[in-house]
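If you read the sequences in order, they're chains A and B.
For the first sequence, the residue numbers in the UniProt record's numbering are 1 to 590.
For the second sequence, the residue numbers in the UniProt record's numbering are 1 to 501.
Glycine residues also receive a C-beta, built at the ideal position from the N, C-alpha and C atoms.
First the structure, in the form of structure tokens, and then the observations on it.
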Amino acid sequence: MPSSSPAPHKPRRKPKNSDNDIDKPVRVRSEALVRTPSFPLAAFLWPARTSSSQWEVLPLILMVVGLFRWAAGLWGYSGFQRPPLFGDYEAQRHWMEITAHLPISQWYFHDLEWWGLDYPPLTAYHSWALGKIGNWINPEWFALVSSRGSHDPTLKIFMRATVIVSEFLIFVPATTVFVRRFSRLNGVNNWTSNLALVAILMQPATILIDHVHFQYNTVMLGFVVASMSSMLAERYMWAAVFFVAALGFKQMALYYAFSVFSYLLGRCITTGINPSRLFGIALVTIISFGVLVLPLALGVLYDKHRGINAIPELKGAAAPLPIFSFITNYIDTQHFYYPIVEQLVQMVHRVFPFSRGLFEDKVANFWCALNTVIKLRNYPVELLQKAALGMTLLSIIPPNIVLFLRPRKSALPLAFAATAWGFFLFSWQVHEKSVLLPLMPMTLLLAGKQGMSGEFRAWVGFANLLGAWTLFPLLHRVDLRVPYTALTLLWAYLLGLPPTSWSAPFQEGQSALVQWGTALLQSTFYVTMAAWHVLEAFVPPPTDKPDLWVVANVGVGAAGFSICYLWCFWRLLRETDLLPSGSKVKAKTQ
Amino acid sequence: MAESYPTLTQCALVAAAFKVLLFPAYKSTDFEVHRNWLAITNSLPLSQWYYENTSEWTLDYPPFFAYFEWVLAHLARLVDPAMVRIINLNYDSWETVYFQRFSVIITEIILVYALQMFIDSSSLPTRRAAQAAALSVILSPGLLIIDHIHFQYNGAMYGLLVASLVLARCKSTLLQSGLLFGALLCFKHIYSYLGPAYFVFLLRTYCLSSRSIFRIKFLNCVKLGLGLGGIFAAAFGPFALMGQIPQVLSRLFPFSRGLCHAYWAPNVWALYSLADRVLIYFAPKLGLPINAEALNSVTRGLVGDTAFAVLPEISPRTCLVLTVLSQALPLIKLFRRPTWENFIGAVTLCGYSSFLFSWHVHEKAILLVIIPFSLIALTDRRHLSAFRPLIVAGHVSLFPLLFTPAEFPIKTIYTVFWLVLFLIAFDRLAPASNKPRVFLLDRFSTIYIAISIPLIAYTSLFHQIIFGKRLEFLPLMFTSSYAAIGVVGSWVGYMVVYYTS
């Protein structure tokens, strides 16, 4: 919402424009002083418009978002008192238990039936550190085997605190810096960028998954934001390091890998061929991966030296490789480095479960929606795998070609979002929680040039509210309706979105046709979502279709997300000047 | 400038979302107290309300509050019938928690409405300051801790008080103000501490002519008398008809309690206890006799009954005399110059007196000072400098109410957030005073505020690490002594401001 700026913003430092001026500096529109905030969040920061000091506002913002996170954490987590396997909370706790107690070479092998470790090494190290700290506070929390399924209330407090601390160490600073840089790049004033920061940090889906349901997604997302932020600052090697860290924390960061690759490559080629930069990035990436697995490799060698095996039951014999078994044809299993190979292969096997199904549970992506029409189970797995691969590539290649050809800083979030939507909608083995991945870059758009304008708020808000809505069945399982309602409605209220206000699409800029089109399209979804909640709450599904409501949720969600994908792609084309701005094109893309 | 942002409603809405998220937080026995009252009023006839004693938490609020519970109980029965059964002691199903917590949030609308009245009644130049003060009340960490975590209905009660105070601002609504205050007394009798200020103010401005204090306005006296009589009759009449007044009064005023409440409220007696404790070590040198019994009780400060080792015992009569004396002083000024500002000042000072000197004061009663004071704290910088240590001390003194680890970040971060936000805002909004400042405690207040940080760190973290479970009274003693210094200091500071302005 640059229009509500009290004074034209002058950045203290001018953004660097080293690369052929493709990031055009944007001039702030200095319009007449707006006297009333156009949505409640702006009202809350209204008194801060005149305050010049960022250091008064930022701590207050961080305290508020921290409070909301902690309060949300008072609610139950996934799998609370749900034997036999409990849920994600138990998985994370269990990893702390095994990493804190077992030798490193057994981490990826220990009792895989009970939440075996299936995340990359950085998660394992993170769990190890937290497990050691927790063990120091109370050894019962992470006692080997006997602590399984523990529901000690003070343990819950410890676990909740670890999520918040991890987030405040990684995601929050990364986002703060990104928002500051991105706003400055787009000529958005400090006050407006603070609005964006609050909106991003209060995203309901992230709080619900990480702080209520329980996971550490924000650590991975934080590394990705840090990587994007480094791209804005033109520190490409740091971008590579942060992205490797994200991948090393959660393999899901692969959703962004194509965009990272095409942006960095574009910056080395399209904007003037720069081989030394390309070489530097490649080298740093390789070194980062090396550093990532180094503790694991050294630990394995040390364990071997001490006579500790990955699988004690085998009594020293080398375990057969779960995948890539051809490797044993080339290297000797008795060689000193074989345990490392074995470890890495096992890690890859655990991290990428090719053997699992096309989708897990009910997720609002294309395949699950298609499944309601055609029973995909009747098709051979290989065909489905190929179809998934083909469709994913088809959806992600166009935005990434655009990003490669026009690697503009201002286009980064759009390209990331479009690529992640493509992955979410079409790829293999998608979780409903993965919706956080496309939502993150899309929400970052709020810090951009027109981030707080009606159109962007409407679309980013639509994606976020729809995303939170598709997570409802997951949250509903452990009775988290109240925090879901409170957080989602609060966010919608703050940003002036349905159901609290329907005015966002009509605020400024576009032609009346586009405004009405957007409003109608989105309103259809909002009404459907509201109606769905009523149905789900009061009408039991027919006995022969017990999953009817969940399936309906999935179908609507997939449709809405496809529209979000198209919007991001269309916006990307406009941002990179491949499309002239005009309402005709918009109508066609939709 | 038509309206300043954020508005009261906006803040109340966002705060409500936060309060909803706090539903599963720690709840004190007061939660069960109120559930039990729902059960009593719903399942027993009026005649047995003040006799029922299945639970130890008997009904000990005046009748209007009982009627309020009776109304709530009708809804409660629909939500969960088991909630309103008397024998269901300590019943806390999810429905019960949702219902009771939600009722606190909903009834707080009264406070929002009253504060909006306050903003609207302020003159245009002071409206922004009034809005900031109103926001500070609706977002008060005191109300958050006491009402929405600990569990009580103070929001609604203080809403009635603020409404009554605001009504006193305009000559035409003086009668409503007095009647509303009368009704408030029938909800919760703790507000009778503020009664003297109301009495003097209404006597002077409503019952006596403004020109001469010897000309009595008889019609006004009759209206006020009849109105108050009617209200008290509505509250206590049914019980009077059944001859239950002695029983009701014995429930409302249990005189068997000790001088200091479970945790020492930060008042004069906390400092007195501290002095006593310190004197134990010096008594032999000074040749003072020591009461051996008091010395032996390790749990000093933790049980209701306080015995002093060196200093003389305090009797309820001493407390009463001190309270009345300290209330009388500001009332003389109020009688001579009955402006609204002086009235609010007198109400605040009555609150101070009762909090500082009364028998068995609860630390929750600090709101009795903070909330009336908020309405005039932004008058000028002199008022603000007395207000500042009060809000720090008053809110820190509430921390011991919540002792569970899960609520620790909420109470501390929220309070720090609130203090930072409003100390900055007040500092910008308070106009300079046209009277010279009295540098009595101003310079100390910054140091005083700064000390709170290591204090909170010690009481909540380091004490446990150093001493474990031993000397549990020590952090409580530190907190209440610290807070007592702040409250007493701000009282002295405000007394000076009150008399010199």
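Not one beta carbon of chain B lies nearer than 9 angstroms to the beta carbon of glutamate 167(A).
Close to chain B, meaning a Cβ-Cβ distance shorter than 8 angstroms, are the following residues of the stretch 48-73 of chain A: Glu56, Pro59, Leu60, Met63, Val64, Gly66, Leu67, Phe68, Trp70, Ala71, Ala72.
Counting C-beta pairs closer than 8 angstroms gives three or more between the stretch 360-374 of chain A and the stretch 554-562 of chain A, which meets the contact rule.
Scanning Phe357(B), Leu175(B), Thr379(B), Ile105(B) for the CA closest to the CA of serine 326(B) turns up Phe357(B). Contact between arginine 160(A) and histidine 211(A) holds, since their C-beta atoms are separated by about 7 angstroms, short of 8 angstroms. The Cβ atoms of alanine 235(B) and phenylalanine 64(B) lie closer than 9 angstroms to each other. Rounded to whole angstroms, leucine 476(B) and isoleucine 466(B) show a C-alpha spacing of 15 angstroms. Taking 8 angstroms as the upper bound for CB-CB distance, leucine 296(A) and isoleucine 104(A) are in contact here, some 6 angstroms apart.
Here the C-alpha atom of leucine 375(B) lies approximately 47 angstroms from the C-alpha atom of phenylalanine 538(A).
Your pair valine 369(B) and leucine 165(B) does not check out as a contact, with CB atoms roughly 13 angstroms apart and the cut at 8 angstroms. For the stretch 231-294 of chain A, the full-length alpha helix (DSSP H) segments reaching 4 residues or more read 236-249, 254-269 along the chain. The secondary-structure analysis by DSSP pairs leucine 208(B) across a beta bridge with Ile216(B).
Note on leucine 143(B): 16 or more other CB atoms within 10 angstroms of its CB, so buried under the neighbour-count rule.
Between valine 200(B) and leucine 331(B), the C-beta gap is smaller than 9 angstroms, which places the two residues in contact. Nearest neighbour of isoleucine 281(A) by Cα position, chosen from Pro398(A), Ile311(A), Val244(A), Gly299(A), turns out to be Val244(A). Membership of methionine 440(A) in the alpha helix (DSSP H) is indicated by the continuous run 436-444.
Among the CB atoms of chain A, none fall inside 9 angstroms of the CB of isoleucine 138(B). In this structure asparagine 434(B) is exposed. Its beta-carbon is surrounded by fewer than 16 other beta-carbon atoms within 10 angstroms. With a beta-carbon spacing of about 6 angstroms, glutamate 90(A) and tryptophan 115(A) fall inside the 8 angstroms limit used to define contacts. Taking 9 angstroms as the cut-off, the beta carbon of glycine 493(B) is found closer than this to the beta carbon of serine 385(B). Distance between phenylalanine 324(A) and tyrosine 330(A), taken at the CA atoms: about 11 angstroms. Listed by position along chain A, the residues whose Cβ is nearer than 8 angstroms to that of isoleucine 424(B) are Glu56. By the neighbour-count criterion, in which a residue is buried when 16 or more other Cβ atoms sit within 10 angstroms of its Cβ, leucine 201(A) is buried. Here the alpha carbons of leucine 390(B) and serine 122(B) stand approximately 24 angstroms from one another. Around leucine 403(A), the same chain offers Ser259, Ser262, Tyr263, Gly266, Ala411, Ala415 as residues with beta carbons nearer than 7 angstroms, after the five sequence neighbours per side are excluded.
Counting every other CB atom within 10 Å of its CB across the protein chains shown gives asparagine 53(B) a total below 16, marking it as exposed.
Residue environment analysis places serine 146(A) among the exposed positions, since fewer than 16 neighbouring C-beta atoms fall within 10 angstroms of its C-beta. The alpha-carbon of tryptophan 502(A) is positioned some 42 angstroms away from that of threonine 271(A). For isoleucine 157(A), the chain B residues whose C-beta falls within less than 7 angstroms of its own C-beta are Pro405, Ala406, listed in chain order. In the pairwise beta carbon analysis, the stretch 178-194 of chain A is classified as touching the stretch 48-59 of chain A: at least three pairs are separated by under 8 angstroms. Taking 3 residues as the minimum length, the stretch 133-161 of chain B contains no beta strand (DSSP E) run wholly inside it. When DSSP states are grouped into helix, strand and coil, valine 497(B) belongs to the helix group. For glutamate 97(A), the enclosing alpha helix (DSSP H) covers residues 88-101.
Contact between cysteine 568(A) and alanine 418(A) holds, since their C-beta atoms are separated by about 4 angstroms, short of 8 angstroms. Assignment of alpha helix (DSSP H) within the stretch 488-550 of chain A, counting only whole runs of 4 or more residues, yields 512-538 in chain order.
It is roughly 52 angstroms from the alpha-carbon of valine 363(A) to the alpha-carbon of glutamate 472(B).
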